[in-house]
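According to the numbering used here, numbering within the sequence shown proceeds without interruption in unit steps and concludes at 333.
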Amino acid sequence: MLKQLKILLKRVSEPLFILFLIIASAVWYMINLNDTYQQDIKIPLHIDGIENPIHADGEAYFDVHSLASGKGYAFLLHNLFPKSRLVEINISDILRKDDGSNKQSISIPALENIVSNRLKDLTLIRIYDTNVDINLDSYTEKYIPISPYITHDLKGGYMQIGGTILDPCSVLIKGDRSIINSIDSLPTAPLKLTAQYNNFVGKVDIIPRTGVMIIPKEVTYKIQTDRFTELKVYSNIEIHTADGVSDSYGYTSIPSKVEICFNIAQSMGTTFTPSMYKPYIEYDPQNLHHNKNNQIEKNLYKVRVDELPIGVKVQYIQPQYITVLKNKR
5 MLKQLKILLK RVSEPLFILF LIIASAVWYM INLNDTYQQD IKIPLHIDGI ENPIHADGEA
65 YFDVHSLASG KGYAFLLHNL FPKSRLVEIN ISDILRKDDG SNKQSISIPA LENIVSNRLK
125 DLTLIRIYDT NVDINLDSYT EKYIPISPYI THDLKGGYMQ IGGTILDPCS VLIKGDRSII
185 NSIDSLPTAP LKLTAQYNNF VGKVDIIPRT GVMIIPKEVT YKIQTDRFTE LKVYSNIEIH
245 TADGVSDSYG YTSIPSKVEI CFNIAQSMGT TFTPSMYKPY IEYDPQNLHH NKNNQIEKNL
305 YKVRVDELPI GVKVQYIQPQ YITVLKNKR
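Spelled out as structure tokens, the structure:
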């Protein structure tokens, strides 16, 4: 008996036997995996517009207990790579309002219809979860502006004309009321553009927020550029009081003139007249801390040039800060 066992083990360990065993196993799997089965599965479902449960893998989605039919290989792939079978839907597509109630419930037929159309290689028979309530008080939506977080390094005598244009400039957000009400704007994803000699045009994603649906999820940006020339001028400083009235006679600035270097886009031609844009400081004789953005310390103020036309920028003002003294009367 022992001798026969040794002979059997020797044959089993032979490479040819192992090869046939592997081939037979593969054929068996191919035959069985090609058969059609019914099986209980969990469908990963991400619902945009509400807070989704966070799983151990760091992803946010619901596990929807369902019955499905399909080939054996489809179930195998579903179990091996569940996140690749993630179904994403919009909460507004499956909400069913209950009259006279403070809650909304998910319409299971609507959910089944959407999941059936998006489920890969499997046929959904039914969803076991028959009732999911959402509190109306915790769900809201609103439009908010988008802030561009786009930088560039223009070289070779080029400048940006105007601001960065986003299309659309606002997006619709949906989700938990406490989260939505705390959001006043959303930034785009950081984007640094390489230097070039024409306008920048492209698409950029909006930074997502957990539990918030964003429509749309990306926007188009446009940045207009042009060559510029430098123009240096010397100009007297105007002193404005807190109410915006010019009062250069009652006060003296030291120095009385500053050098301003303008960058002027070629598209402006010769239409820009520097003398129309006077440098000034804001001074409040009653309250030295009236405007903290202009006042650095006692009697030391920042020189400004405002309301420049599109295509003109101030490269520098020298000196940037001046002293203001009250004249004796």
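Note that beta-carbon positions come from the ideal geometry of N, C-alpha and C, so glycine has one too.
In the DSSP assignment, glutamate 311 falls outside any beta strand (DSSP E), carrying neither H nor E. A residue is called buried once 16 or more other Cβ atoms fall within 10 Å of its Cβ, and arginine 89 is buried on that count.
Between serine 257 and valine 175, the C-beta gap is not smaller than 8 Å, which leaves the two residues out of contact. Residue pairing from DSSP places proline 48 in a beta bridge opposite Asp67. Taking C-alpha positions only, asparagine 202 is separated from threonine 168 by approximately 14 Å.
Ranked by Cα distance from leucine 126, the options Thr40, Asn94, Val237 are led by Thr40. Note: glycine 74 is bridge-paired with Tyr41, Leu126 in the DSSP secondary-structure output. For asparagine 83, the three-state secondary structure derived from DSSP is helix. In the structure shown, leucine 115 adopts helical secondary structure according to DSSP, grouped into three states. Between the alpha carbons of isoleucine 118 and alanine 193 lies a distance of about 30 Å.
Checking the DSSP bridge columns, you'll see asparagine 240 partnered with Lys261. For proline 149, the CB contacts under 7 Å within the same chain, skipping 5 residues up- and downstream, are Cys173, Ser174, Ser189 in chain order. Per DSSP, isoleucine 98 has no beta bridge partner at all. Three or more Cβ pairs closer than 8 Å define a contact, and the stretch 265-279 meets that threshold against the stretch 225-235.
Following the DSSP letters along the chain, one finds serine 182 inside the alpha helix (DSSP H) bounded by residues 181-185.
Sorting Ser260, Pro259, Met280, Tyr255 by C-alpha distance to the C-alpha of phenylalanine 266 places Met280 at the top.
DSSP, read as helix, strand or coil, puts asparagine 203 in coil.
Nearest in C-alpha terms to serine 151, of all of Val208, Tyr132, Ile112, Arg122, is Val208.
For methionine 217, the enclosing beta strand (DSSP E) begins and ends at 216-219. DSSP, reduced to helix, strand and coil, places proline 278 within a helical segment of the structure shown. Minimum Cα-Cα distance from isoleucine 183 among the listed residues Thr214, Met163, Leu197 corresponds to Thr214. Non-local beta-carbon contacts of glutamine 322 in its own chain, meaning distances under 7 Å to residues more than five positions away in sequence, involve Val262, Glu263 in chain order. For arginine 231, the three-state secondary structure derived from DSSP is strand.
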